[in-house]
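Structure record follows, encoded as C-alpha cells.
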Amino acid sequence: MRLRRVTTRTRGWTRRRAGRGWTYLDEDGTVITGEDRERIEALVIPPAWQDVWISPWPNGHLQATGVDQAGRTQYLYHPDWVHRRNLEKFDRISQIAAELPKLRALVGDHITAHDGSREHAAAVAVRMLDSGSFRVGNDVYARQGSFGLTTLERRHVRAKGSTLVFTFVGKSGVEHNVVLEDEPVVDAINRMRRRRGGGPRLLEYLANRSRYSLDSSDVNTYLREQTGLEISAKDLRTWAGTVLAAEVLALSDEPGETNASRARAVRSAMTEVSLALGNTPTVVRSSYVDPRLISLYESGTVIPRQSFEDAVDPLERRHAIERETLRLLRQAD
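Residue numbering for the sequence shown is 1 to 333, as defined by the working numbering.
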C-alpha cells in the first residue's frame, strides 16, 4: 500500500461517547459507518484519550492522535509505516553499534577524570545506560513519581559491599532493583553520593562554580559530540535489548524444529529481555529487538554459542555477543 503523509492540521474525524461505546463523526459531523468504522475500531484508540483526531484516509501514515491522562499527545501509526520506520531505526542502530568500541574507550577516559564536569557526569550516565538496565528519564515522569537514570536521587542508591544497589519506581509504576558492579562507575557514583551541597539528584556536575543536575538532553548531546552520529540514549537501550535477545535465542533449549517450538522460544526470549529492560514482552518485540534477528532465528540461524560460551569476564562475553550479533545482522542485509 502506498502511504499518504498526513498531519493533524488536516481536518480529521473524531469520536463521541455513546453509551458504553463510541460514535465516530466525519468532518461535517456525519456519523461514520461501514468499513470506515471498522477501520477506526481496529485502531483500538484508548478510551481515556481526549481530543482524539482520526485520519480520514485508510492509507494515512498517521492514523490517530489523542491526549492521554498525563497530558501527553500520543500517536497511532499505520502498520506499514511502523514496519518501515522500524527497519530504518534498526539499520541506524546497527551503524551505531559498530562505533560503540570507540565510544566506550572515550567514556572510560571521561569517567576516571573525576573533575566534576558535565562531561564526566554524562560519561557515567552513558556507561550505566549501556547496560540496558536504565531508561534515561525526564522531569515530567519524575514529577509523577517515576524515575529514570538522570532523575534518580541519592536516596535511590545504597552500597552493598563493592557494589551499588539502585531501588526505584520506573515508568508505568514498575519497581526496579538494579545491582551495579562496574568498579569505575561504582567509584564515581560513591563520590557523587558523598558530595557536600547540591540537590537531591544523584547525577550533578559543576559549571561556573554552580551545581546543575544532568538531564537527558545533556546525555544525548554528549553521545552526539563523542560519536558524530545521530544517536540518543534510547538507541543504547535498544541495542542492549537486541543483543540480549540474540544471546537468549542462541542458548534456547527449544529444538526449533517446528513453528510452535520456534514461537515458544521467541516468546521466552522476549520475556527474558522484558525482565531486563523493565518493559512488557510486546513492547520489547515491537521496539527493542531487531526484527531481522527473529526472522533469522525462525529460519534456523543464530549467533554461534562457541563465540561467547567460554568467556569468563562478563564484559568480554558481552562484547563477543555484540560482535556476532552485528555480523549476523549485516549478513541479513
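Backbone N, C-alpha and C fix where the C-beta goes; we use that ideal spot for every residue, glycine too.
| Query | Result |
| --- | --- |
| Close Cβ partners of Pro184 (< 8 Å) along its chain, the five nearest in sequence each way excluded | Gly108, Ile111, Thr112 and Arg127 |
| Leu275 burial status per 10 Å Cβ neighbour count (16 or more: buried) | exposed |
| Contact belief for Trp53 with Ala70 at Cβ below 8 Å, rounded distance in angstroms | Between Ala70 and Trp53 the Cβ distance is about 18 Å, and since that is not below 8 Å, they are no contact. |
| Straight-line Cα distance separating Glu99 from Glu257 | 36 Å |
| Among Val284, Tyr288 and Leu315, nearest to Ile334 - alpha-carbon criterion | This structure gives no information on residue 334, because the portion of the chain shown stretches from 1 to 333. |
| Ala113 (DSSP reduced to helix, strand or coil) | coil |
| Residue nearest to Ser210 in terms of C-alpha spacing, selected from Asn177, Ala245, Val273 and Arg118 | Arg118 |
| As assigned by DSSP and simplified to three states, the class of Gly21 | strand |
| Contact check, Arg292 vs Leu249, beta carbons under 7 Å | no |
| Within the region 110-162, ranges of the beta strand (DSSP E) (whole runs, at least 3 residues) | 157-160 |
| 7 Å Cβ cutoff met for Val266 and Ile294 | yes |
| Contact between the region 7-24 and the region 39-55 (3+ Cβ pairs under 8 Å) | yes |
| Cβ-Cβ distance between His61 and Arg17 below 7 Å | no |
| For Pro79 and Gly145, the rounded distance between their alpha carbons | 33 Å |
| Contacts around Glu175, its chain only, beta-carbon distance under 7 Å, and the 5 residues preceding and following it disregarded | Val169 |
| Val157 beta carbon less than 7 Å from that of Ala233 | no |
| Nearest-angstrom beta carbon gap, Tyr141 and Lys171 [assumed within contact, 8 Å] | 6 Å |
| Chain-order list of residues whose beta-carbon lies under 8 Å from that of Ser162 (same chain, five-residue window excluded) | Glu181, Glu183 and Val186 |
| Member of Gly34, Arg191 and Glu153 whose CA lies at the smallest distance from the CA of Pro200 | Glu153 |
| Helix, strand or coil at Gly335 according to DSSP, with G and I counted as helix | This structure leaves residue 335 out entirely; the chain is present only between 1 and 333. |
| Beta-bridge partners of Gln50, as assigned by DSSP | Val67 |
| Spatial distance of Met1 from Trp81 (CA atoms) | 10 Å |
| Runs of alpha helix (DSSP H) lying entirely within the region 249-327, each at least 4 residues, in chain order | 259-277 and 291-298 |
| Beta-carbon separation (whole angstroms), Leu229 vs Ile96, contact threshold 8 Å | 6 Å |
| Assumed close pair His114, Ala188 - CB separation to whole angstroms, cut-off 8 Å | 7 Å |
| Host alpha helix (DSSP H) of Leu223 (start-end) | Ser216 to Thr227 |
| Residues near Asp218 in its chain [Cβ-Cβ closer than 7 Å; skip 5 each side] | Arg118 and Ala122 |
| Pairwise C-alpha distance: Tyr24 and Arg155 | 49 Å |
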